[in-house]
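Visitor:
In my numbering, the protein residues as written are 250 to 431.
Now the structure itself:
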C-alpha cells in the first residue's frame with residue numbers, strides 16, 4: 250500500500266512512522282510558521298510544502314542527527330521562500346482580519362498584541378525568537394538550523410527581546426491592551 254518513489258517503494262510501516270511523527274509535530278510547526286509569516290493560511294501552506302518535502306526524504310531520516318531541528322529548518326525555509334513570492338504583498342482587504350475588535354478583551358487582545366509585536370520584528374529576529382522560545386531550541390540548535398553562528402543567534406535574540414520589551418512597556422500609551430504580570 251506504499252507509494253512509488255523512483256524505483257523504491259515506501260514501506261507501510263515507514264508511512265505509519267511518518268504520519269505519527271507529523272501528527273505529533275504539526276501544532277508546533279504551524280505555530281512557528283504563523284510566527285514567521287503572521288498569516289494562518291500562508292503558514293499552513295508553508296508547513297504543507299515542508300511536509301511534502303519531508304515525505305519524499307523520509308527514508309533518509311536516519312542520516313539526520315536531530316530530526317526535529319531539521320524539520321523546523323525546513324518549515325522556516327518554506328516560510329522564507331513563501332515571503333519572496335511577489336503575490337504575498339497583495340492585500341485583499343484594507344485591514345487584516347486578525348486586528349483587535351473594540352468589544353474583545355483579555356487574552357484575545359493580548360494574543361493579537363503579541364502577534365502584532367512579533368510582526369514588527371525583522372524577519373531574522375522573529376525566526377530566532379520563534380525557534381528559541383516556541384520550539385524550545387538551544388542557541389546551538391538554532392544556529393545549526395539557520396546556518397548562523399551562535400554569537401549571531403545570541404545577538405539577534407537579545408535585540409529582539411529588547412525590542413519586544415520596549416513595545417510591551419509602551420503598549421498602555423499606545424492604547425494597546427496588555428496585561429502586566431502580577
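The beta carbon of each residue, even a glycine, is placed where N, CA and C say it ideally should be.
The structure displayed is predicted, hence computed values, not measured ones.
In its own chain, which residues sit with a C-beta less than 6 Å from the C-beta of residue 380, not counting the 5 before and 5 after it?
Guide: 386, 391
Visitor: Report all residues from its chain with a CB closer than 7 Å to the CB of residue 285; omit the five preceding and five following residues, and keep chain order.
Guide: 325, 328, 375, 376, 379
Visitor: Is DSSP giving residue 260 helix, strand or coil here?
Guide: coil
Visitor: Between 406, 297, 265, which has its C-alpha nearest residue 275's C-alpha?
Guide: 297
Visitor: Whole angstroms is fine: what's the gap from residue 368's alpha carbon to residue 412's?
Guide: 11 Å
Visitor: Count the other C-beta atoms from every protein chain shown that fall within 10 angstroms of the C-beta of residue 416, then say buried if there are 16 or more, exposed otherwise.
Guide: buried
Visitor: Residue 351: buried (16+ other C-beta within 10 angstroms of its C-beta) or exposed?
Guide: In this prediction, residue 351 has a pLDDT of 46, which is less than 50 and means its spatial position is unreliable; what the coordinates show is noted afterwards. So residue 351 counts as exposed.
Visitor: Out of curiosity, what's the CA-to-CA distance linking residue 398 and residue 322?
Guide: 15 Å
Visitor: For residue 371, does the three-state DSSP call read helix, strand or coil?
Guide: Secondary structure of residue 371 (DSSP, three-state): coil.
Visitor: Quick one: give me the first and last residue of the alpha helix (DSSP H) that residue 306 is part of.
Guide: 289-306
Visitor: Using beta-carbon positions only, say whether residue 420 and residue 362 come within less than 8 Å of one another.
Guide: yes
Visitor: With H, G and I counted as helix, E and B as strand and the rest as coil, what does DSSP make of residue 354?
Guide: Residue placement at residue 354 cannot be trusted, given a pLDDT of 49 that sits under 50; the coordinates are not used to answer.
Visitor: Helix or strand or just coil, what does DSSP make of residue 313?
Guide: Here residue 313 sits in coil by DSSP.
Visitor: Using a 10 Å radius around the Cβ and a threshold of 16 neighbouring Cβ atoms, would you call residue 287 buried or exposed?
Guide: buried
Visitor: Could you pull the start and end residues of the alpha helix (DSSP H) that residue 383 belongs to?
Guide: Segment: none, residue 383 is in no alpha helix (DSSP H) and carries neither H nor E.
Visitor: Is it the case that the Cβ atoms of residue 291 and residue 331 are separated by a distance below 8 Å?
Guide: yes
Visitor: For residue 261, count neighbouring Cβ atoms within 10 angstroms of its own Cβ and tell me buried if that reaches 16, exposed if not.
Guide: exposed
Visitor: CB-CB under 7 Å to residue 271, same chain, minus the five flanking residues each way: which ones, in chain order?
Guide: The beta carbon of residue 271 sits closer than 7 Å to the beta carbons of 300 from its chain, once the five residues preceding and following it are set aside; these are given in chain order.
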